[in-house]
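Quick note, the sequences are listed as chains A and B, same order.
Residue numbering for the first sequence follows numbering that gives the first Met the number 0, beginning at 0 and increasing consecutively.
Residue numbering for the second sequence follows numbering that gives the first Met the number 0, beginning at 0 and increasing consecutively.
We put the CB at the ideal spot given by N, CA and C, even for glycine.
Protein chains: 2
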Amino acid sequence: MNDELAAVIARYPARFRGVAILPVSDPEAMVAELHRAVRELGFVGAYVAVGPTAKRLDHPDYEHLYKALVDLDATLWLHPSRPPIIPDYPDEKLSQYYEWLVVGWPYDTTSAMFRVAFAGVFDRYPTIRIVTHHHGAFIPLLEARLANALPALEPVGLPMPTKISKPYVDHFRKFYCDTAASGYAPKVLELAVDFFGPDRVLFGSDAPFDVQDGRIFISETLRSIEAMAVPPNTRAAILANNAKRILKIG
Amino acid sequence: MNDELAAVIARYPARFRGVAILPVSDPEAMVAELHRAVRELGFVGAYVAVGPTAKRLDHPDYEHLYKALVDLDATLWLHPSRPPIIPDYPDEKLSQYYEWLVVGWPYDTTSAMFRVAFAGVFDRYPTIRIVTHHHGAFIPLLEARLANALPALEPVGLPMPTKISKPYVDHFRKFYCDTAASGYAPKVLELAVDFFGPDRVLFGSDAPFDVQDGRIFISETLRSIEAMAVPPNTRAAILANNAKRILKIG
Numbered sequence: 000m001n002d003e004l005a006a007v008i009a010r011y012p013a014r015f016r017g018v019a020i021l022p023v024s025d026p027e028a029m030v031a032e033l034h035r036a037v038r039e040l041g042f043v044g045a046y047v048a049v050g051p052t053a054k055r056l057d058h059p060d061y062e063h064l065y066k067a068l069v070d071l072d073a074t075l076w077l078h079p080s081r082p083p084i085i086p087d088y089p090d091e092k093l094s095q096y097y098e099w100l101v102v103g104w105p106y107d108t109t110s111a112m113f114r115v116a117f118a119g120v121f122d123r124y125p126t127i128r129i130v131t132h133h134h135g136a137f138i139p140l141l142e143a144r145l146a147n148a149l150p151a152l153e154p155v156g157l158p159m160p161t162k163i164s165k166p167y168v169d170h171f172r173k174f175y176c177d178t179a180a181s182g183y184a185p186k187v188l189e190l191a192v193d194f195f196g197p198d199r200v201l202f203g204s205d206a207p208f209d210v211q212d213g214r215i216f217i218s219e220t221l222r223s224i225e226a227m228a229v230p231p232n233t234r235a236a237i238l239a240n241n242a243k244r245i246l247k248i249g
Numbered sequence: 000m001n002d003e004l005a006a007v008i009a010r011y012p013a014r015f016r017g018v019a020i021l022p023v024s025d026p027e028a029m030v031a032e033l034h035r036a037v038r039e040l041g042f043v044g045a046y047v048a049v050g051p052t053a054k055r056l057d058h059p060d061y062e063h064l065y066k067a068l069v070d071l072d073a074t075l076w077l078h079p080s081r082p083p084i085i086p087d088y089p090d091e092k093l094s095q096y097y098e099w100l101v102v103g104w105p106y107d108t109t110s111a112m113f114r115v116a117f118a119g120v121f122d123r124y125p126t127i128r129i130v131t132h133h134h135g136a137f138i139p140l141l142e143a144r145l146a147n148a149l150p151a152l153e154p155v156g157l158p159m160p161t162k163i164s165k166p167y168v169d170h171f172r173k174f175y176c177d178t179a180a181s182g183y184a185p186k187v188l189e190l191a192v193d194f195f196g197p198d199r200v201l202f203g204s205d206a207p208f209d210v211q212d213g214r215i216f217i218s219e220t221l222r223s224i225e226a227m228a229v230p231p232n233t234r235a236a237i238l239a240n241n242a243k244r245i246l247k248i249g
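Quick look at the structure:
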């Protein structure tokens, strides 16, 4: 897959950058393929699937990947992956009404962010770049809950196996996110900018997954960014400059 | 429990209104207790727990409850309930880092709203009042995803057992919500007002669950409402007038 992608990029080098698929079930092969993709194929980083049927991101297997990303100055993208065969309720066999995708997928991203944050990845690798899908999913909405509920809960004594720096909520600010809200949602994108900061939000549309093969998602995402109550340089950062910096373009 | 609550209200009748706990495992007893609580105890409605260990809200047992709520002009409150014994990932035995409560609970509310909406409750009972916790959880954030992703997904043919009116997203606007964001979050509350409308957002603080026994949640929620970019009459509706109308006070 990565070799085929590299061949496409070689034909359109001004248009595409490569993001590698990794064999996450084998930690040594995972890191070796990241090295090969970045050093030999010229890719800008890698993607991993997250969710209850994927490997949790605080699994020890991922430690070498985090270190390799920093060593290579490469970027990691997360994408949710829960399938419809995980039922929403125990008396059913399949998820209903596409809840697994509409709500479950942003939940998967949110859960992955929990695992990265509480595993202390940002304490050990402060410069690591991890880009989350769907405007950081539910995390910007839950900012106050993360800031105020956890300090009240921790004395209860349920599993909190972490030694990361406090306040916990500040770890979550170190992720990057894209702007894919599946439509017009300027206030949602403002929440993301408020939470992650203007340097950590990158244009992303989720095309082509709409009823017009992506045209709605692209045009509505651009319209959202235009309507955001932010200074012009933040808009320019989201639309181009953050990606140029991270992907070392131009 | 309901009789003891009624005794407290009898001592402070200008201060409290009663919301009944219902025996949801027995559908006939559930409806009988709602009738008794409203007609004999003077309660304004009832509360039910939602989540993967509770009964899903499109279960046929709840149909009589929805009808009784409308017949009695009573209100239903939902509260999430997922326990920490539901693990986040299959290789663990307990939820970690309080994910079950910080993210899982708003997920439970969101899932409950899916079930009420897609069961057609608002088509059959357009005047029903169902108040959701935590600013309608993830639903206002997912507005564009509900509006644009579902029409693209439905032709895929996964379980979508519903005959409700379209667009689906408009059913979700018929819920009410409270303002409990666990802290300062004016933009989150603006999202809720934009989505549900100014007549369907009611003051709620989630006190006493903070490190100062509720004082933070109450003061920060009031500060959020003060900071919202809304007209003064919307602020007055949230702080008092919506509750007065729904609970028939004054």
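Item	Value
CB contact below 8 Å: Ala180/A versus chain B	yes
Under 9 Å by beta carbon: chain B residues contacting Met159/A	Gln95, Tyr96, Tyr97
Cutoff 6 Å; reference Ala67/A; Cβ partners in own chain excluding five residues on either side	Val30, Leu33
Collapsed DSSP secondary structure at Ala45/A in the structure displayed	strand
Chain-ordered neighbours of Arg55/B on chain A, where CB pairs are closer than 7 Å	Tyr88
Through-space distance from Met159/A to Tyr167/A, alpha-carbon basis	12 Å
Within chain B, the residues that Ala148/A reaches when beta carbons sit closer than 8 Å	Tyr97, Leu100, Val101, Ser181, Phe208, Asp209
Pro207/B Cβ short of 7 Å to the ligand SAM heavy atom set	With respect to the ligand SAM, the structure offers nothing, as it holds no ligand at all.
Bounding residues of the beta strand (DSSP E) (the contiguous stretch that carries Arg128/A)	128-131
Run of the alpha helix (DSSP H) containing Pro231/A, from where it starts to where it stops	231-235
Cutoff 8 Å: Asp193/B Cβ touching any chain A Cβ	yes
Reduced DSSP category for Pro160/B - H, G, I as helix; E, B as strand; rest coil	coil
Below-8 Å beta-carbon distance, Val187/B vs any chain A residue	yes
Buried versus exposed, by CB contacts within 10 Å (16 or more), Asn1/A	buried
Rounded distance between the beta-carbons of Asp60/B and Pro89/B, thought under 8 Å	Pro89/B to Asp60/B, Cβ: 30 Å. No contact.
Amino acids of chain A, ordered along the chain, whose beta-carbon sits closer than 9 Å to that of Tyr106/B	Val102, Gly103, Tyr106, Thr109, Phe137
Residues of the segment 35-54 of chain A with Cβ closer than 7 Å to any Cβ of chain B, in chain order	Pro51
Chain-ordered neighbours of Pro83/B on chain A, where CB pairs are closer than 7 Å	Leu157
Three-state class that DSSP yields for Leu21/B in the structure shown	coil
Beta strand (DSSP E) segment containing His78/B, residue limits	74-79
Sequence ranges, alpha helix (DSSP H) only - wholly within the segment 171-231 of chain A, length at least 4	185-195, 214-226
C-beta contact flag for Phe195/A and Gly135/A at 8 Å	yes
Delimiting residues of the alpha helix (DSSP H) encompassing Thr108/B	103-117
Coarse secondary structure for His34/A, derived from DSSP in three states	helix
Local conformation of Ala53/B per DSSP, three classes	coil
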